[in-house]
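Following this note's numbering, the numbering of the sequence shown begins with 129 at its first residue and continues without gaps.
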Amino acid sequence: MPSRIAVIGSGYVGTVVAACFAHLGHAVTGVEIDSEKLSLLRQGKAPFHEAGLDDLLSAGTSSGGLCFTDNVSLAMERCELVFICVGTPTGHDGHPDMSATAAVAKKIAPNLKGYHVVVVKSTVPIGTGRWLRTLIEDHLPAGYGPDHFSIVSNPEFLREGNAVQDFLYPDRVVLGGDRPQALDLVAEAYRPVLDGDFPKGPHRPGSVPVIFTSTTTAEAIKYASNSFLASKISFVNELAKICELVGADVTEVTAAMGLDMRIGGQFLDAGLGWGGSCFGKDLRALIAIATRYGYDARILRSALAVNVDQRKVVVEKLLQHLKVVSGARIGVLGLAFKAGTDDLRDSPAVGVCEALLDHKAVVTAYDPMVPTGAGPDGVLRACDAIAVAERADAVVVATEWPQFLSIDLSALRSRMRGRLLLDARNLFQPEKVQAAGLEYVGIGRSQPGERVLQSA
Ligand code: UGA
């Protein structure tokens, strides 16, 4: 049976959640207070780039299964499940800033007439479930009490650029709460996803595991997952440094490591370190939570420190190869924090541009998705990938956009005054780059001449 769902907050997470639940056949009301965003959403358009999202938004808004409003009371009247999807940016001392969540709780509480399940989708500090319950209880309308609502923690595992697929085909769904009736209601909303049975989807065999647990454990699962992935990347970037010292190739090392089922092949790409709005924030939050309890989370602190250092690798390598960076013309391929998004938040590529500007380099960048008006001040923007190479002393690959692999490397080389391609994402095959007359430098890679290639 279709659920009636309200989704509060239409950022990257909320918009995907609203559009995907509507796609599953539920009646969804999204809430957004920003009038510009609201107007776009009502036209079935996302206020940011996310693959496949516009199609779901326009299908949902035209069929009537999905609508958007700035009126929380209206949305609450139309739902039994209310998903909180507002931002929790890093605040004081690494702890997430919960002011948006608190504001939403105070807005929904007076509207909790009848039974509602309040589902926390935002990434929130461990222990938030209890805090939220108390806050809501204190703002309920007269005559209503704790039995009129339940809290369920349902962390999101949605990668930007892949969020629609991650929602519809998750590895698992985590539901934390202490009332079986509430957990069942939320699980029912996910039923088509759990059974792989929804309209117009390429179905995958097998059902999706659903983990029923406490709110505290569900909250911890989210931090643990992001912190582990972030640590995995820092591990691999540290390994890349060691590979450079000993003359091994990190891409071959990780490819072989990843074949071990206990390790797994994903998130083993050495590069510029992680960026985006999630890993840094969540790692800092978990460190801060541990510190509050008197525990020094050394592994997590190291993962963070390695990531901070990794951002310096481009300038270090340019200094090593060009000797003088001041006055050098550097072309930068990519600005987004990763491929498949136009998001610049905590982007390593932007960090590279800023570091180069600090060293008085002349920086020209191209990104296939980031509009020319966005991006760091002082960086010139090229109209295409080849144009960044105009009289450049070096070209740096800073975001792993797959379309960069189709660049005509000989044409790129002919525009440059130097011949260094610094592939800070290990996107290219070194031999291919070298064949175009360029000098290849990657992260933790042995030089093509040092490699003994063997066929199986
Ligand atoms: C991450 C998680 O992957 C999601 O599961 C989670 O829901 C989300 O955070 C969140 O908490 O909202 P996201 O930040 O969108 O998703 O992007 P990822 O694909 O995880 O990439 C994060 C960063 O790590 C990017 O800068 C990427 O370039 C970098 N990365 C990733 C590497 O440097 N190496 C890798 O092997 C993989």
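Glycine included, every Cβ here is placed at the ideal spot set by N, Cα and C.
Residues of its chain near residue i, where Cβ-Cβ distance is below 8 Å and the 5 sequence neighbours each way are ignored
i, result
"Asp294", "Phe285, Leu286 and Arg287"
"Lys173", "Asp182, Leu185 and Ser186"
"Leu322", "Val301, Ala315, Ser335, Val336 and Val338"
"Ala584", "Because the pLDDT at Ala584 is just 48, under 50, the model does not fix this residue reliably, and the point stays unresolved."
"Ile514", "Ile535, Asp536, Ala539, Leu540 and Arg543"
"Val516", "Gly459, Val460, Leu461, Thr492, Ala493, Tyr494, Ala510 and Val523"
Within 8 Å, strictly: CB atoms of residue i and residue j
i, j, result
"Ala233", "Ile264", "yes"
"Thr229", "Asp410", "no"
"Phe673", "Leu357", "Past the boundaries of the shown model lies residue 673; the chain is included only from 129 to 584, so the question cannot be answered."
"Met226", "Thr218", "no"
"Ala477", "Gly501", "no"
"Leu160", "Phe211", "The residue asked about is misnamed: residue 160 is Glu in this sequence, not Leu. Their beta carbons are not under 8 Å apart, which means Glu160 does not touch Phe211 by this criterion."
"Ala237", "Gly188", "no"
"Asp551", "Ile458", "no"
"Gly399", "Asp471", "no"
"Phe363", "Leu303", "no"
"Val524", "Val561", "no"
"Ser475", "Ala493", "no"
"Asn282", "Val248", "yes"
"Pro269", "Lys241", "yes"
"Gly468", "Asn290", "yes"
"Ala155", "Arg132", "yes"
"Leu428", "Ser353", "no"
As assigned by DSSP and simplified to three states, the class of residue i
i, result
"Leu461", "strand"
"Val144", "helix"
"Glu567", "strand"
"Tyr351", "helix"
"Val453", "coil"
"His276", "helix"
"Phe532", "helix"
"Thr492", "strand"
"Val524", "strand"
"Ile133", "strand"
"Arg541", "helix"
"Gly158", "strand"
"Gly572", "coil"
"Thr500", "coil"
"Ser359", "helix"
"Leu484", "helix"
"Val507", "coil"
"Thr123", "This structure gives no information on residue 123, because the portion of the chain shown stretches from 129 to 584."
"Leu260", "helix"
"Asp551", "strand"
"Val321", "helix"
"Leu303", "strand"
"Ser163", "helix"
"Ser430", "helix"
Status (buried if at least 16 other CB within 10 Å, exposed otherwise) for residue i
i, result
"Val135", "buried"
"Glu528", "buried"
"Gly392", "exposed"
"Gln438", "buried"
"His244", "buried"
"Cys75", "A question about residue 75 goes unanswered here, because the residues of the chain that appear run from 129 up to 584."
"Ala384", "exposed"
"Pro224", "buried"
"Asp377", "buried"
"Pro504", "buried"
"Glu178", "buried"
"Pro558", "buried"
"Lys165", "buried"
"Val436", "exposed"
"Leu152", "buried"
"Ala563", "exposed"
"Tyr140", "buried"
"Arg573", "buried"
"Ala231", "exposed"
"Ala368", "buried"
Own chain partners of residue i with C-beta closer than 6 Å, once the 5 adjacent residues on each side are dropped
i, result
"Lys466", "none"
"Gly192", "none"
"Tyr351", "Asp410 and Leu414"
"Gly142", "Val135 and Cys213"
"Leu484", "Ile458 and Val491"
"Tyr318", "Val301"
"Asp221", "Ala416"
"Leu566", "Arg541, Arg547 and Leu549"
"Ala456", "Leu450, Ala489 and Asp521"
Chain-order list of residues whose beta-carbon lies under 7 Å from that of residue i (same chain, five-residue window excluded)
i, result
"Lys235", "Val200"
"Arg258", "none"
"Pro597", "What the structure shows of the chain is the stretch from 129 to 584, and residue 597 is not part of that stretch, so it cannot be assessed."
Q) Which ranges does the alpha helix (DSSP H) cover as unbroken runs of at least 4 residues, wholly within the stretch 179-253, from first to last along the chain? A) As far as the stretch 179-253 is concerned, its whole alpha helix (DSSP H) runs of at least 4 residues are 181-191, 200-205 and 227-236.
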